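Chemist: Pasting a structure here, questions to come.
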Amino acid sequence: MTPVAVGIDIGGTNTKYGIVDRNGKALAEASLSTPKYEDINEYVAVVSRAIMHLVDSVPQKVSIKGIGIGAPNGNYFTGTIEYAPNLRWKGVIPLADLFNKHFHVPVVLTNDANAAAIGEMMYGGAKGMDNFSMITLGTGVGSGFVVNGGLIYGHDGFAGEFGHVTAVRDGRLCTCGKKGCVETYASARGLVLTVQELVSASPDDSNLRHILPDELTPKHVFEAAENGDPIAKAAFESTGKILGQSLADMVAYLSPSHIFVFGGVAKAGEWILAPTRRYMEKNLMPIYKNKVKVVPSGLPDTNAAILGASALIWKELD
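Taking this note's numbering, the leading residue of the sequence shown gets 331, the next gets one more, and so forth.
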């Protein structure tokens with residue numbers, strides 16, 4: 331039998347899950363709606379059945395060694411999701427225990443960005459690195475910090491919330507309740523809001539004016555920038571400035587050799603990476619200048635979240 335790990339990535343919109351072998355090859359994968367299930371027990375039962383159906387679809391016989399889960403506000407120490415603002419289930423959810431009852435194998439849970447960092451270390455561009463940071467720019471902004479070869483969890487399992495560091499004092503209201511968090515500017519929602527502010531303030535002609543606010547996505551902004559749209563280019567410049575300045579502060583704490591950037595906003599490539607690098611370098615202390623590389627993730631975009639979650643199991647077994 332082929333030993334495999336199950337990787338589950340729980341997002342506010344979709345739950346992605348897959349069967350992954352030790353070499354990081356996804357043998358099968360699928361997804362389902364997360365908010366469709368209001369009851370957590372029903373959700374776990376549905377996902378568990380879907381995983382077994384996926385196992386049956388794999389041509390070779392496999393043996394599940396464990397289940398790795400990346401989720402918002404996932405606590406590695408307790409196996410619980412705690413007060414996740416983007417999920418329907420409120421309070422403290424003993425998710426690892428619930429899945430263990432269905433599979434009776436080790437279940438490891440952490441937040442989605444930490445899972446991405448482990449995946450980057452095992453299968454992506456951080457192979458062999460002991461000091462690097464992972465920044466995910468999606469619906470929100472997540473982060474995972476690896477120092478001296480180990481992921482930083484802190485005393486309570488919640489270390490590494492870069493997305494909720496204050497970037498702009500008394501700035502935009504964040505879903506966490508604070509104002510001016512990095513997430514309110516550098517996430518997909520933050521980029522879209524910046525575009526809307528620029529459209530209102532600038533007389534420049536822009537195709538982005540003709541897209542309804544609820545339908546505007548980072549992909550639209552990227553495509554507009556590629557076509558020379560001044561609003562789109564200004565939005566990436568503004569986003570990169572705030573992200574770069576905040577990363578410079580992070581470097582002072584952690585001194586990573588690399589910062590890997592992943593997620594929907596990062597798909598814009600150099601439109602977001604170039605200003606981020608420029609403003610980070612501008613705000614670094616002299617001892618850090620020209621030492622830290624800001625690069626795109628080396629994980630495959632199609633199933634990176636599943637690979638990251640499954641990597642938790644191989645890391646744990648090692």
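Just so you know, even glycine gets a beta-carbon here, dropped at the ideal spot from N, CA and C. Please read all numbers here as calculations on a predicted model, not as lab measurements.
Using only CA atoms, which one of THR469, VAL392 and SER463 lies nearest to ILE340?
Modeler: Counting from 1 along the sequence shown, the entry for residue 340 is found at position 10. Of the candidates THR469, VAL392 and SER463, the one whose C-alpha sits nearest the C-alpha of ILE340 is THR469.
Chemist: Quick test of the definition: if touching needs 3 or more C-beta pairs under 8 angstroms, does the region 568-577 touch the region 514-525?
Modeler: Verdict: yes, contact present.
Chemist: Using only CA atoms, which one of VAL471, TYR453 and MET382 lies nearest to VAL495?
Modeler: Sequence index remark: in the sequence shown, residue 495 carries index 165 (1-based). It is VAL471 whose Cα lies nearest to the Cα of VAL495.
Chemist: Taking the CB atoms as reference points, tell me whether VAL437 and ALA426 lie closer together than 8 angstroms.
Modeler: Here residue 437 refers to the residue found at position 107 of the sequence shown. Here residue 426 refers to the residue found at position 96 of the sequence shown. Result yes, Cβ atoms of VAL437 and ALA426 sit closer than 8 angstroms.
Chemist: Just verifying my parser: in three-state terms, what is the DSSP assignment at TYR413?
Modeler: For the purposes of this step, residue 413 is identified with residue 83 of the sequence shown, where counting begins at 1. DSSP places TYR413 in coil when its eight states are reduced to three.
Chemist: Between which two residues does the alpha helix (DSSP H) holding GLU359 run?
Modeler: The sequence position of residue 359 within the sequence shown is 29, counting from 1. Element bounds for GLU359: not the alpha helix (DSSP H) but the beta strand (DSSP E), 356-363.
Chemist: Which parts of the region 594-620 are runs of the alpha helix (DSSP H), unbroken and 4 residues or longer, counting only runs that do not cross its ends?
Modeler: As far as the region 594-620 is concerned, its whole alpha helix (DSSP H) runs of at least 4 residues are 600-613.
Chemist: Please report the Cβ distance between PRO464 and ALA446, rounded to the nearest whole angstrom; I am assuming they are in contact, meaning their Cβ atoms lie under 8 angstroms.
Modeler: On the sequence shown, position 134 is the one that residue 464 refers to. On the sequence shown, position 116 is the one that residue 446 refers to. Reading the sequence as shown, one finds Met at residue 464 and not Pro. With 8 angstroms as the limit, MET464 and ALA446 qualify as a contact, their Cβ atoms being about 5 angstroms apart.
Chemist: Tell me the DSSP bridge mates of HIS588?
Modeler: The residue labelled residue 588 in the question sits at position 258 within the sequence shown. PHE462 and LYS623.
Chemist: Out of ALA578, VAL336 and SER517, which has the shortest C-alpha to C-alpha gap to MET615?
Modeler: Mapped onto the sequence shown, residue 615 falls at position 285. Among ALA578, VAL336 and SER517, the Cα nearest to that of MET615 is on ALA578.
Chemist: Measuring straight from C-alpha to C-alpha, what distance separates GLY396 and ILE338?
Modeler: Within the sequence shown, the letter at position 66 stands for residue 396. Within the sequence shown, the letter at position 8 stands for residue 338. So the two alpha carbons sit approximately 11 angstroms from each other.
Chemist: Output yes or no for whether 8 angstroms exceeds the beta carbon distance between SER361 and ASN461.
Modeler: Stepping through the sequence shown from its first residue, residue 361 is reached at position 31. Stepping through the sequence shown from its first residue, residue 461 is reached at position 131. Not closer than 8 angstroms, so no.
Chemist: With burial defined as no fewer than 16 other Cβ atoms inside 10 Å of the residue's Cβ, what is the status of GLU513: buried or exposed?
Modeler: The count along the sequence shown starts at 1 and reaches residue 513 at position 183. GLU513 should be labelled buried.
Chemist: Among residues of its own chain, excluding the 5 on either side of LEU528, which ones have a beta-carbon nearer than 7 angstroms to its beta-carbon?
Modeler: As a position in the sequence shown, residue 528 is number 198, starting the count at 1. Result list for LEU528: ILE561, ALA564 and ALA565, in chain order.
Chemist: Can the beta-carbon of ILE636 be found less than 8 angstroms from the beta-carbon of LYS457?
Modeler: Within the sequence shown, residue 636 is the residue found at index 306, counting from 1. Within the sequence shown, residue 457 is the residue found at index 127, counting from 1. No, Cβ-Cβ distance for ILE636 and LYS457 is not below 8 angstroms.
Chemist: By a C-beta neighbour count over all protein chains shown, 10 Å radius and 16 as the cutoff for buried, is TYR453 buried or exposed?
Modeler: On the sequence shown, residue 453 is found 123 positions in, with the first residue counted as 1. Buried, by the Cβ-count rule.
Chemist: In angstroms, rounded to a whole number, what distance separates the CA positions of ASN344 and THR547?
Modeler: In the sequence shown, the residue the question calls residue 344 occupies position 14. In the sequence shown, the residue the question calls residue 547 occupies position 217. Near 17 angstroms, if we compare the C-alpha coordinates of THR547 and ASN344.
Chemist: Can you confirm whether the region 594-612 touches the region 415-423 when touching is taken to mean that 3 or more C-beta pairs between the two stretches lie within less than 8 angstroms?
Modeler: No: fewer than three Cβ pairs fall under 8 angstroms.
Chemist: Under the three-state reduction of DSSP, which class applies to LYS395: helix, strand or coil?
Modeler: The count along the sequence shown starts at 1 and reaches residue 395 at position 65. Looking at LYS395 - three-state DSSP - the assignment turns out to be strand.
Chemist: Who are the Cβ neighbours of LYS597 in its own chain at under 8 angstroms, not counting the five residues just before and after it?
Modeler: For the purposes of this step, residue 597 is identified with residue 267 of the sequence shown, where counting begins at 1. Taken in chain order, the residues that qualify are PRO548, LYS549, PHE552 and ASP631.
Chemist: Quick check: what's the CA-CA separation for ASP442 versus ALA641?
Modeler: One-based indexing of the sequence shown puts residue 442 at position 112. One-based indexing of the sequence shown puts residue 641 at position 311. In a straight line, the C-alpha of ASP442 is about 12 angstroms away from that of ALA641.
Chemist: Looking at C-alpha atoms only, which residue of GLU412, PRO365 and LEU503 is the closest neighbour of PHE672?
Modeler: Nothing can be reported for residue 672, as the shown portion of the chain is limited to 331 through 648.
Chemist: Which two residues bound the contiguous beta strand (DSSP E) that contains SER532?
Modeler: Locating residue 532 in the sequence shown gives position 202, where the first residue counts as 1. Segment: none, SER532 is in no beta strand (DSSP E) and carries neither H nor E.
Chemist: Express the C-alpha separation of ILE448 and LYS645 in angstroms, rounding to a whole number.
Modeler: Taking the sequence shown and counting its residues from 1, one reaches residue 645 at position 315. Taking the sequence shown and counting its residues from 1, one reaches residue 448 at position 118. Rounded to whole angstroms, LYS645 to ILE448 spans 8 angstroms at the Cα level.
Chemist: Report the residue from SER387, ALA518, ASP544 and GLY501 whose alpha carbon sits nearest the alpha carbon of GLY510.
Modeler: Position 180 of the sequence shown holds residue 510. Ranking the options by Cα distance to GLY510, first place goes to GLY501.
Chemist: If you compare alpha carbons, which of GLU368, LEU542, ILE381 and ALA414 is closest to GLY398?
Modeler: Within the sequence shown, residue 398 is the residue found at index 68, counting from 1. Among GLU368, LEU542, ILE381 and ALA414, the Cα nearest to that of GLY398 is on ILE381.
Chemist: Taking the alpha carbon of VAL388 as the point to measure from, which residue in PRO402, ALA358 and VAL334 has its own alpha carbon closest?
Modeler: Counted from its first residue, the sequence shown places residue 388 at position 58. Taking only the C-alpha atoms, the option nearest VAL388 is ALA358.
Chemist: Return the chain-ordered list of same chain residues with a C-beta closer than 7 angstroms to the C-beta of ASN403, the five sequence neighbours on each side being excluded.
Modeler: Sequence index remark: in the sequence shown, residue 403 carries index 73 (1-based). Closer than 7 angstroms at the Cβ level, and outside the excluded window around ASN403, lie ILE411, GLU412, TYR413, ALA414 and ASN441.
Chemist: Cβ atoms of PHE590 and ILE634: under 8 angstroms apart, would you say?
Modeler: Start at 1 with the first residue of the sequence shown, and residue 634 comes out as number 304. Start at 1 with the first residue of the sequence shown, and residue 590 comes out as number 260. The sequence given here has Ala at residue 634, not Ile. The answer is no: Cβ separation not under 8 angstroms.
Chemist: Are ALA497 and TYR515 close, meaning C-beta to C-beta below 8 angstroms?
Modeler: On the sequence shown, position 167 is the one that residue 497 refers to. On the sequence shown, position 185 is the one that residue 515 refers to. Yes.
Chemist: For PHE429, does the count of other Cβ atoms within 10 angstroms reach 16, so buried, or fall short, so exposed?
Modeler: Here residue 429 refers to the residue found at position 99 when the sequence shown is read from its first residue. By the neighbour-count rule (16 or more Cβ atoms within 10 Å), PHE429 is buried.
Chemist: Along the chain, where does the alpha helix (DSSP H) containing PRO389 start, and where does it finish?
Modeler: Numbered from its first residue, the sequence shown carries residue 389 at position 59. Looking at the DSSP string, PRO389 is not in any alpha helix (DSSP H), and its letter there is neither H nor E.
Chemist: Look up GLY282 in the DSSP assignment and say whether it is helix, strand or coil.
Modeler: Given that the chain is displayed from residue 331 to residue 648, the structure contains no residue 282 and the question cannot be resolved.
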